Every structure is written in structure tokens, then in C-alpha cells.
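Visitor:
In my numbering, the protein residues as written are 508 to 777.
Okay, here's the thing in C-alpha cells:
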């Protein structure tokens, strides 16, 4: 199995855990909790900021000493928009499941502090359609560049069966603004129906001898987390199976400036 895949455990509990140390990078952390009704998960942000994403289900949340009430409404990531909570560094948080609940904990360094806890409801989220034809996908911006945070960028995408996504291939692994930003990235994948699979390739440009530093082609199953430390990272959803993914990105500067693979950039003009 590829070293870039983190398999979420089956069942309930703390089912996926990615830290900068385990990933071998600097910024992005990702955790996934599956709770039964009545179960509670809690944490402390320390020197990091957190975005709690209610992928599915409902729960009562608190953060920074504030009771935030019952959040969440959708029971499938393929329907509607999520509820989320932004939690700054130096804060406690907790969520108690009211139904079966899948909670993603997205984290990155807190740089300035001072931002308040805030609930990010469905009405706060912008949506957009990207691509054309079989490259069409549907994007929901949870914590985009234009909304306050220190490091985190969080977005979810639905790619219909038979379509490509994160395509034409692009990368963001150079701290070379304004042309390109350095951003580490995780993909949390779900499939509908769940027995399906998709594909993702993570690869770098070839050197003068045709050798790539990184080139991994992976079959993605429901619940997989893919690490993107560098390089291009396109996805393909197989016919009959829609693909959902939750992206977490962070780097030294909170901006998303990407570079398209030169040999595939002609696709942008068709």
C-alpha cells in the first residue's frame, strides 16, 4: 500500500490520525472521529487552530467556554452543506453526538491568535461549479482564503461518477509567490455507494532523465485519507460511484496559488 494513504479504521472512535510528525511535514493535521449517539469527543488546540467539520450527523458543540448548541443536519456528505466550527489556538472544544456523527478535525499552526470561536453554518458557505463536461465537479468553500483564519484552508468537493477532479493536474509545492504557494494537503475521501473505488495520482515533474522524485498511483476506497506533500494530485471517479473529498491545506502563507502541469494546460482552453 502506498505510504501516502492513511486507512481510516472501521467502526467507531478515533478512526484516522494525521499529524505533521506522522506525515513528515510541517503544517497540516487531520483527525476523524465516528461517534455513536451520546458519545463525546473533546480536545485542546494548544498552539494550533482547528476547524471542526460535521461531515455527517448532528451534535452539541462547545468551544472556548461557549455553548454553541446543536449543529449539523445532513446525514450524507453527498447531500447539502456541512456545519463547521472554527476554534482558535489556546482553546478547549467538545462535541457530543446527538445522532451517529462523523466529525473531521482539521488543524494547522495558529500564528496570531485573537480570532474568536465561530460557527460556520450552511448559509455562510459559498458554492461553485468548476470544470466542464466530464471534468465538472461541485465545490463548497468551508474556510476559504477570504474568511478569517491563521493558516487553515478547508474545502469539500463532490465529483460525479465518471468525472475527473483536481484536474488538469496542478501543484502548490513552491514558496514562490505570486506565481505559486507552498501548501501541504490532505484528502479525506468518501464514495457513494460506499463499496466503490476511485483513483488518485500524486507525482512530481520528471527530471532531465525522465525520473520523478514522487509518483504514486492509488486506488482510493471509502474512508481513505491521502497525503499530498508535493506534486500534482488529480483524482478520477469511476462510473457509477460519486466521489466526495474534504481538503485541508496549510503552509507558510495562507493563499492558494497553483501551477498547472505544462503538458496538460491545453485542456484549460478546450
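Note that the Cβ used here is the ideal one computed from N, Cα and C, for glycine as well.
Bear in mind the structure is a predicted one, so any value in this text is a computation, not a measurement.
Given residue 563, which residues of its chain have a CB within under 8 Å of its CB, disregarding the five upstream and five downstream residues?
Guide: The residue labelled residue 563 in the question sits at position 56 within the chain shown. 579, 581, 582, 583, 584, 607, 608 and 609, listed in sequence order.
Visitor: Check residue 582 in the structure and name its three-state DSSP category.
Guide: Along the chain shown, one-based indexing puts residue 582 at 75. Coil.
Visitor: Label residue 741 either buried or exposed according to how many other C-beta atoms from any shown protein chain fall within 10 Å of its C-beta, with 16 as the threshold for buried.
Guide: As a first step, residue 741 is located in the chain shown; it is residue number 234 there, counting from the start. Residue 741 comes out buried.
Visitor: Got a sec, what are the start and stop residues for the beta strand (DSSP E) residue 616 sits in?
Guide: The count along the chain shown starts at 1 and reaches residue 616 at position 109. Its beta strand (DSSP E) spans residues 608-616.
Visitor: Express the C-alpha separation of residue 534 and residue 760 in angstroms, rounding to a whole number.
Guide: The count along the chain shown starts at 1 and reaches residue 760 at position 253. The count along the chain shown starts at 1 and reaches residue 534 at position 27. Cα to Cα, residue 760 sits roughly 11 Å from residue 534.
Visitor: Leaving aside the five residues before and after residue 690 along the sequence, list all residues of the same chain whose C-beta is less than 6 Å from its C-beta, in chain order.
Guide: Numbered from its first residue, the chain shown carries residue 690 at position 183. Excluding positions up to five away in sequence, the list reads 679, 756 and 758.
Visitor: Could you tell me the boundaries of the beta strand (DSSP E) in which residue 816 lies?
Guide: Only positions 508 to 777 of the chain appear in this structure, which leaves residue 816 out of reach.
Visitor: Keeping to the same chain, check which residues put their C-beta closer than 6 Å to that of residue 724; ignore five residues upstream and five downstream.
Guide: Position 217 of the chain shown, counting from 1, holds the residue named residue 724. So the list reads 708, once near-sequence residues are dropped.
Visitor: Do you know how far the Cα of residue 542 is from the Cα of residue 566?
Guide: On the chain shown, position 59 is the one that residue 566 refers to. On the chain shown, position 35 is the one that residue 542 refers to. Each residue's Cα considered, the two are about 10 Å apart.
Visitor: In this structure, what does DSSP give as the bridge partners for residue 574?
Guide: In the chain shown, residue 574 corresponds to position 67, counting from 1. Bridge partners of residue 574: 569.
Visitor: Leaving out five residues before and five after residue 625 in sequence, what residues of the same chain have Cβ atoms less than 6 Å from its Cβ?
Guide: In the chain shown, residue 625 corresponds to position 118, counting from 1. Cβ within range, chain order: 593.
Visitor: If you count every other CB in all the chains shown that lies within 10 Å of the CB of residue 700, and 16 or more means buried, which is it?
Guide: Taking the chain shown and counting its residues from 1, the one referred to as residue 700 is at position 193. Taking all protein chains in view, the Cβ of residue 700 is surrounded by fewer than 16 other Cβ atoms within 10 Å, so the residue is classified as exposed.
Visitor: Ordered along the chain, which non-local residues of its own chain (more than five positions away) have a Cβ less than 6 Å from that of residue 544?
Guide: Locating residue 544 in the chain shown gives position 37, where the first residue counts as 1. The residues 604 and 606, in chain order, have a CB closer than 6 Å to that of residue 544 in the same chain once the five nearest residues on each side in sequence are set aside.
Visitor: What does the alpha-carbon distance come out to for the pair residue 684 and residue 773?
Guide: Within the chain shown, the letter at position 177 stands for residue 684. Within the chain shown, the letter at position 266 stands for residue 773. Looking at the backbone, the Cα of residue 684 and that of residue 773 are separated by about 23 Å.
Visitor: Please go through the same chain and pick out, in chain order, the residues whose beta-carbon is closer than 7 Å to the beta-carbon of residue 628, but skip the five residues on each side of it.
Guide: Position 121 of the chain shown, counted from the start, is the residue given in the question as residue 628. Around residue 628: 590.
Visitor: Nearest by alpha-carbon distance to residue 748: which of 703, 710, 734 and 672 is it?
Guide: If you number the chain shown from 1, residue 748 lands on position 241. The option with the nearest alpha carbon to residue 748 is 703.
Visitor: By DSSP, does residue 720 sit in helix, in strand, or in coil?
Guide: On the chain shown, position 213 is the one that residue 720 refers to. Three-state result, residue 720: coil.
Visitor: With residue 552 and residue 597 assumed to form a contact (beta carbons below 8 Å), what rounded beta-carbon distance in angstroms separates them?
Guide: The residue labelled residue 552 in the question sits at position 45 within the chain shown. The residue labelled residue 597 in the question sits at position 90 within the chain shown. The pair is a contact, with the Cβ atoms about 6 Å apart (cut-off 8 Å).
Visitor: Would you tell me roughly how many angstroms separate the C-alpha atoms of residue 554 and residue 514, rounded to the nearest one?
Guide: Walking along the chain shown from the start, residue 554 turns up at place 47. Walking along the chain shown from the start, residue 514 turns up at place 7. So the alpha carbons of these two residues sit roughly 27 Å apart.
Visitor: Residue range of the alpha helix (DSSP H) that residue 528 falls in?
Guide: For the purposes of this step, residue 528 is identified with residue 21 of the chain shown, where counting begins at 1. Boundaries of the alpha helix (DSSP H) harbouring residue 528: 527-530, taken from the DSSP string.
Visitor: Should residue 650 be labelled buried (16 or more other beta-carbon atoms within 10 Å of its own) or exposed?
Guide: For this step, residue 650 is matched to residue 143 along the chain shown. So residue 650 counts as buried.
Visitor: Applying the criterion that 16 or more other CB atoms from any shown protein chain within 10 Å of the CB defines a buried residue, is residue 529 buried or exposed?
Guide: Position 22 of the chain shown, counted from the first residue, corresponds to residue 529. With fewer than 16 Cβ atoms within 10 Å of its Cβ, residue 529 is classed as exposed.
Visitor: Would you identify the three-state DSSP class for residue 631, choosing helix, strand or coil?
Guide: One-based indexing of the chain shown puts residue 631 at position 124. In the structure shown, residue 631 sits in a helix (DSSP, three-state: H, G or I).
Visitor: Enumerate in chain order the residues of its own chain whose CB-to-CB distance from residue 768 is below 6 Å, with the five nearest sequence positions on each side excluded.
Guide: Taking the first residue of the chain shown as position 1, residue 768 is located at position 261. Excluding sequence neighbours, residue 768 sits near 676 and 739.
Visitor: Using only the alpha-carbon positions, how far apart do residue 647 and residue 732 sit?
Guide: Here residue 647 refers to the residue found at position 140 of the chain shown. Here residue 732 refers to the residue found at position 225 of the chain shown. Across the structure, residue 647 and residue 732 are spaced so that their CA atoms are roughly 19 Å apart.
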